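*Asks:*
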Amino acid sequence: DGGITQSPKYLFRKEGQNVTLSCEQNLNHDAMYWYRQDPGQGLRLIYYSQIVNDFQKGDIAEGYSVSREKKESFPLTVTSAQKNPTAFYLCASSILQGLGTEAFFGQGTRLTVV
Amino acid sequence: SQQGEEDPQALSIQEGENATMNCSYKTSINNLQWYRQNSGRGLVHLILIRSNEREKHSGRLRVTLDTSKKSSSLLITASRAADTASYFCATAFSNDYKLSFGAGTTVTVRA
Chain A
1 DGGITQSPKY
11 LFRKEGQNVT
21 LSCEQNLNHD
31 AMYWYRQDPG
41 QGLRLIYYSQ
51 IVNDFQKGDI
61 AEGYSVSREK
71 KESFPLTVTS
81 AQKNPTAFYL
91 CASSILQGLG
101 TEAFFGQGTR
111 LTVV
Chain B
1001 SQQGEEDPQA
1011 LSIQEGENAT
1021 MNCSYKTSIN
1031 NLQWYRQNSG
1041 RGLVHLILIR
1051 SNEREKHSGR
1061 LRVTLDTSKK
1071 SSSLLITASR
1081 AADTASYFCA
1091 TAFSNDYKLS
1101 FGAGTTVTVR
1111 A
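First to last, the sequence lines map onto chains A and B. For the first sequence, position 93 matches number 93 in this note's numbering, and the numbering has no gaps at all. Numbering-wise, this note's numbering comes out as the position in the second sequence, counting from 1, plus 1000.
1) Return the Cβ separation of T1064/B and S1073/B in integer angstroms, given the expectation that the two are a contact with Cβ distance under 8 Å.
2) Taking the alpha carbon of H29/A as the reference point, which residue from I4/A, L43/A, T109/A and Q82/A has its own alpha carbon closest?
3) So which of V1109/B, F1101/B and T1077/B has the shortest CA-CA distance to V1025/B?
4) Determine the direct distance from the alpha carbon of V114/A to that of K1070/B, and round the result to whole angstroms.
5) Please classify D1083/B: does DSSP put it in a helix, a strand, or coil?
6) Could you give the DSSP three-state label for R1041/B: helix, strand or coil?
7) Could you spell out the range, first to last residue, of the beta strand (DSSP E) harbouring Q97/A?
8) Helix, strand or coil for I60/A? Go by DSSP, reduced to three states.
9) Residues of the segment 42-67 of chain A with a CB closer than 8 Å to any CB of chain B: list them in chain order, please.
10) Any chance the segment 1005-1021 of chain B sits against the segment 75-94 of chain A, with 3 or more Cβ pairs inside 8 Å?
11) In whole angstroms, give me the CA-to-CA distance for C1089/B and N18/A.
12) Does S1001/B pass the burial test, meaning 16 or more other C-beta atoms within 10 Å, or should it be called exposed?
13) Exposed or buried, which one is L45/A when buried takes at least 16 other CB atoms within 10 Å?
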């Protein structure tokens, strides 16, 4: 089945630790995105990538890092510099075509600092 | 800052009624999209309207786009309990594929 997969579904992080969230897609999409969602809030863009080995900061990139070594994969690392990382993280992908196309979302990773 | 802003923040309606929500944005766009999110889940794409279109329909959904007012509306007709969810608009900027979301409208459909 084609789709976008995030893992793990739940993640617990101790203070001062880096953690990496996985996002894989087999849709052959060019663009991939990472968003953060806080309770009752909208989605805020962390990073996005249009091609392999290239990515751009979104609105809240501080304390996060990404890589795009393969078209299918766009992992997000939440570093110890992110002071309030507890949130729901969503990954998405889309085709880059003309005036744009729909984005497909994974089911999210809920990160909690313990 | 978020590009799109939805209005109202929350909406409660009776089953069978129509639900209307609005989205305003600030800069030129390639397209505007509407998504639904059930609690604790990922987002599901509902409909995309391009900057050169004014109205689109999909089943019980009707979306309008007014680029002169930088606004869009989503109408859900004959609502059902299963329509209870949060609805978000997202904008893709001109000359960029950055996809930015608003804060959403939470819709509750009462049986």
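Glycine included, every Cβ here is placed at the ideal spot set by N, Cα and C. Remember, it's a predicted structure, so these values are computed and weren't measured experimentally.
*Replies:* Concretely, from the data shown:
1) Mapped onto the second sequence, residue 1064/B falls at position 64. Mapped onto the second sequence, residue 1073/B falls at position 73. With 8 Å as the limit, T1064/B and S1073/B qualify as a contact, their Cβ atoms being about 5 Å apart.
2) Counted from its first residue, the first sequence places residue 29/A at position 29. Considering only alpha carbons, the answer is I4/A.
3) Translated into the one-based positions of the second sequence, residue 1025/B becomes position 25. As written in the sequence, residue 1025/B is Tyr, which differs from the Val given in the question. Taking only the C-alpha atoms, the option nearest Y1025/B is F1101/B.
4) Locating residue 1070/B in the second sequence gives position 70, counting from the first residue. Locating residue 114/A in the first sequence gives position 114, counting from the first residue. Using only the alpha carbons, I get a separation of about 43 Å.
5) The residue labelled residue 1083/B in the question sits at position 83 within the second sequence. DSSP places D1083/B in helix when its eight states are reduced to three.
6) Residue mapping note: residue 1041/B aligns to position 41 of the second sequence, counting from 1. R1041/B falls in the coil class under three-state DSSP.
7) Counting from 1 along the first sequence, the entry for residue 97/A is found at position 97. Counting along the chain, Q97/A falls outside any beta strand (DSSP E), and DSSP gives it neither H nor E.
8) Start at 1 with the first residue of the first sequence, and residue 60/A comes out as number 60. Reduced to three states, the DSSP call for I60/A is coil.
9) G42, L43, R44, L45, Y48, Q50, Q56, G58 and D59
10) no
11) As a first step, residue 1089/B is located in the second sequence; it is residue number 89 there, counting from the start. As a first step, residue 18/A is located in the first sequence; it is residue number 18 there, counting from the start. For C1089/B and N18/A, the distance between alpha carbons rounds to 32 Å.
12) Numbered from its first residue, the second sequence carries residue 1001/B at position 1. The pLDDT assigned to S1001/B is 46, lower than 50, so where the model puts this residue is not dependable; a value taken from the coordinates is nonetheless given after this. So S1001/B ends up on the exposed side.
13) The residue you call residue 45/A lines up with position 45 of the first sequence. So L45/A ends up on the buried side.
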